[in-house]
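Report on one structure; see the data block that follows.
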Amino acid sequence: MKTAVIVFPGSNRDRDMFHALELITGTRPQSVWHTESTLPDVDLVVVPGGFSYGDYLRSGAIAARSPILKDLVAKADSGVSVLGVCNGFQILTEAGLLPGALMRNADLHFVCKEVMMETVNTATRFSSKFVKGQVWRCPVAHHDGNYFADENTLKQIEDNGQVVFRYANGTNPNGSINDIAGIMNAKGNVLGMMPHPENLVEPLQGGLDGRILFESILNAA
């Protein structure tokens, strides 16, 4: 599977993502700087975590207007798989690739810890290797991860099965509505999630729980 990772000023989880993708796919991802205008021909594009542009204005707001986003939108429209993690999730909502918005955490504090996740939809290219209802561990590290959508949008994504992951066992770290931790677009090829599965893919990191997500994507490629 061929992959690419978009890097912005302030990205700080891009190398973690490079490592996870190379470990699982056996192929080093291509790095794409935000000022480039064209993405390479790949099976998966990842928008990694970090604090693009220092989170000025709103988290992800400036990055969503970077030159490379025009082609990312085009690639997503054509069916290419896109994964946004943490700041990447924020960027995807700001770019209109995913519904809703990520607001300040409910307690207004940065949170960095491990949470529990429940996989609520396994009929996706990002979650097919999970068992429905499976609860797994995943790290989080964010200040603006409180997912919100208006009533009509929330009903739509819930009814359409676009919620893929929820925080489980009372570990919601940010106040996200309906405990939402990860959603996909209506077409099912764009996923955004706040937790960092790339940081739990090998024993040295303390576990393999996050690896299942990448294996699901690899299986679908």
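Going by my numbering, the sequence shown opens with residue 10, and the numbers climb by one from there. Note that the Cβ used here is the ideal one computed from N, Cα and C, for glycine as well. Just so you know, these numbers come straight off a predicted model, no measurement behind them.
- Note on the segment 33 to 112: whole alpha helix (DSSP H) runs with a minimum of 4 residues are 77 to 86 and 96 to 103, in chain order.
- The C-beta distance from N114 to N183 rounds to 4 Å, short enough to fall under 8 Å.
- Beyond the five residues adjoining it in sequence on each side, T133 comes within less than 7 Å, by CB distance, of V173, M193 and G197 in the same chain, given in chain order.
- In the DSSP assignment, F223 falls outside any beta strand (DSSP E) and within the unbroken alpha helix (DSSP H) covering R220 to A229.
- Secondary structure note for K164: its alpha helix (DSSP H) is the uninterrupted segment E160 to D168.
- If you draw a straight line from the Cα of Y62 to the Cα of I71, it comes to about 7 Å.
- Closest by C-alpha distance to E127, out of G105, G191 and H118, is G191.
- Residue M203 holds the alpha-carbon nearest to the alpha-carbon of M125 among T44, A83 and M203.
- Assigned with DSSP and collapsed to three states, N155 falls in strand.
- Note on geometry: alpha-carbon atoms of L92 and E45 lie some 19 Å from one another.
- Around D52, the same chain offers M10, K11 and A230 as residues with beta carbons nearer than 6 Å, after the five sequence neighbours per side are excluded.
- A direct Cα-Cα distance of roughly 15 Å separates I186 from F98.
- Residue state for F174 is assigned as strand, using DSSP reduced to three classes.
- Taking a cut-off of 8 Å for Cβ pairs, the segment 18 to 26 and the segment 53 to 60 touch, as three or more such pairs fall below it.
- With 16 or more other Cβ atoms from the protein chains shown falling within 10 Å of its own Cβ, S68 counts as buried.
- Per DSSP, G184 lies in no beta strand (DSSP E) and is assigned neither H nor E.
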